[in-house]
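Okay, so here's the structure we're looking at.
Numbering (full-length UniProt numbering), first residue to last: 1 to 523.
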């Protein structure tokens with residue numbers, strides 16, 4: 001039987017050896033395998049390790065060189081010695097491939113995983129190996145090869161849903177929007193059905209590959225998403241791609257799942273795809289606002305504002321380094337405990353973003369006074385933050401939470417200024433635009449609105465000077481911000497609403513004024 005299997009794989013049977021040598025070799029291989037499996041399971045190497053140890057490479061070589069004794073000469077086992085050898089070789093290659101993948105040695109990992117894919121294992125394990133091959137190819141910068149491996153995994157075992165989630169990630173990397181959304185939709189549908197796992201058609205062995213290969217790396221790569229996580233990813237991607245109607249539908253479905261209490265089944269550690277719940281509400285409000293459902297957006301934001309009202313201290317003092325002042329602050333109670341300074345910053349950002357969205361929503365409804373009220377509440381809340389020692393700090397070195405708060409302040413000032421212009425209160429609008437430029441020098445929207453306010457106040461010379469300055473260096477602020485950490489998704493719609501509408505009339509009026517002024521000077 002052993003010789004037949006070797007002929008099937010294209011190998012030449014080796015000459016028979018003495019029974020004493022065969023038993024000694026068999027026992028030595030099994031002892032070495034047990035020791036190496038224990039080492040791999042108990043002392044999995046840290047990420048960044050250069051390569052597998054020499055002993056682990058020797059293990060795979062010895063397993064391959066192990067000459068299995070004939071069936072008649074060995075003890076009667078539930079599974080044959082030949083099958084045991086094949087399983088051990090497959091498991092060893094799989095384990096070492098995962099180890100090299102974690103260490104970042106992708107070519108070596110690819111070779112070992114390919115060797116494992118040609119070994120002896122069940123369809124479930126084979127699909128897992130192809131999934132790992134796809135992840136390895138993706139990290140090597142070969143997305144098309146990754147897709148081939150991941151599709152092969154699904155062909156082998158259509159219930160290998162982690163492969164489908166990786167397919168969506170590769171399509172996202174390639175920028176193929178439709179394919180990514182379709183993959184996520186398939187994943188959500190499959191998770192909702194909860195198809196029972198089919199019984200394995202492989203023989204029932206006491207020693208199987210899936211029992212020998214269990215590492216943190218494999219657990220991470222084969223992580224199963226909860227349906228609500230996929231539903232959120234669908235909503236987020238649709239909002240990011242501008243599919244507002246679909247985004248609204250998915251966000252409302254996701255919030256319905258939360259209301260049913262299904263969020264308790266979702267892991268809330270760093271592995272979860274879900275953000276903080278207030279951010280989800282703000283993203284949903286942004287989608288509703290872009291869909292023209294301004295009143296619904298206002299209601300959604302009110303939920304965030306009301307839930308964070310008692311979580312923010314009256315005054316929040318920030319030192320140069322947030323890590324140096326992580327002690328809880330008085331007045332920030334939560335379920336009998338105290339919020340850290342970072343948590344207080346997050347709550348403040350959510351609350352002020354809620355006011356910001358409400359301000360823009362009221363503005364879209366033509367209610368300028370209500371919009372001004374919400375923008376003013378946003379700015380009033382932002383006065384709670386006292387920045388100590390950050391006056392000379394470069395903007396790129398500021399904490400991410402502080403950057404978000406600064407952007408919210410800028411957008412609130414621009415928003416309130418535009419509503420002052422709508423009401424003809426030009427002096428108050430001018431003050432807001434000047435203040436916004438102090439916060440963010442060179443911001444194109446604030447600079448353009450400043451020119452408009454000056455022009456309406458008949459301060460034409462100042463308006464023309466600021467207009468010329470903005471024309472000489474357009475978009476510098478946006479380019480600098482693009483290099484840093486991207487802003488939260490829930491602020492994108494506010495950024496778009498704050499953009500100054502292009503006005504040919506204002507530009508031509510300023511150009512005519514400049515030509516007239518030049519002629520007067522020359523004459």
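Ideal placement from N, C-alpha and C gives every residue a C-beta, glycine not left out.
Because the structure is a prediction, the values reported are computed rather than measured.
Residue state for residue 499 is assigned as coil, using DSSP reduced to three classes. Residue 284 sits close to residue 251, with the two beta carbons spaced by under 7 Å.
Checking the DSSP bridge columns, you'll see residue 307 has no partner listed. Taking 3 residues as the minimum length, the region 217-281 contains no beta strand (DSSP E) run wholly inside it.
For residue 453, the enclosing alpha helix (DSSP H) starts and ends at 444-456.
Counting along the chain, residue 351 sits inside the alpha helix (DSSP H) bounded by residues 341-364. Looking at the DSSP output, residue 316 shares a beta bridge with 385.
Taking a contact as a CB-CB distance under 8 Å, the pair residue 90 and residue 130 does not count as one, their CB atoms being some 13 Å apart. Note that the region 366-381 does not touch the region 497-508; fewer than 3 beta-carbon pairs, one per stretch, sit closer than 8 Å. Residue 279 holds the alpha-carbon nearest to the alpha-carbon of residue 347 among 294, 279 and 462. At the C-beta level, residue 352 and residue 378 come within 7 Å of one another.
Put simply, the region 180-188 touches the region 159-172. At least three CB pairs are less than 8 Å apart.
Taking a cut-off of 8 Å for Cβ pairs, the region 424-431 and the region 441-460 touch, as three or more such pairs fall below it. Taking one beta carbon from each stretch, the region 292-311 and the region 234-242 have fewer than 3 pairs nearer than 8 Å; the two do not touch.
Residue 260 is classed as exposed because its beta carbon has fewer than 16 other beta carbons within 10 Å across all chains shown.
The alpha-carbon separation between residue 154 and residue 88 amounts to approximately 25 Å.
For residue 166, the uninterrupted alpha helix (DSSP H) run begins and ends at 161-174, by DSSP. Rounded to whole angstroms, residue 258 and residue 461 show a C-alpha spacing of 57 Å. For residue 487, the secondary structure class from DSSP, reduced to helix, strand or coil, is coil. For residue 108, the enclosing alpha helix (DSSP H) begins and ends at 106-117. Burial check for residue 440: the Cβ neighbour count within 10 Å reaches 16 or more, so the residue is buried. In terms of Cβ geometry, residue 156 and residue 190 do not form a close pair [threshold 7 Å]. In this structure residue 408 is not in contact with residue 383, their Cβ atoms being roughly 12 Å apart against a cut-off of 8 Å.
Remark: C-beta atoms of residue 161 and residue 149 do not approach each other more closely than 7 Å. Shortest Cα-Cα distance from residue 172 to any of 159, 488, 118 and 237 involves 237. For the pair residue 113 and residue 218, the CB atoms are not nearer than the 7 Å cut-off.
Membership of residue 121 in any alpha helix (DSSP H) is not indicated, and neither H nor E is assigned to it by DSSP.
For the UniProt repeat "TPR" (410-443), the full-length alpha helix (DSSP H) segments reaching 4 residues or more read 426-439 along the chain. Our two residues, residue 293 and residue 233, have alpha carbons roughly 22 Å apart in a direct line. Taking the Cα of residue 93 as reference, the smallest distance to any Cα among 109, 222 and 105 is reached at 109. The residue among 511, 224, 286 and 116 with its C-alpha nearest the C-alpha of residue 85 is 116.
Look at residue 291 here: in three-state DSSP terms it is coil, with no helix or strand label. Only residues of its own chain outside the window of five on either side were considered, and among them 445 have a CB closer than 7 Å to the CB of residue 499, listed in chain order. Assignment of residue 377 by DSSP, reduced to helix, strand and coil, places it in the helix class.
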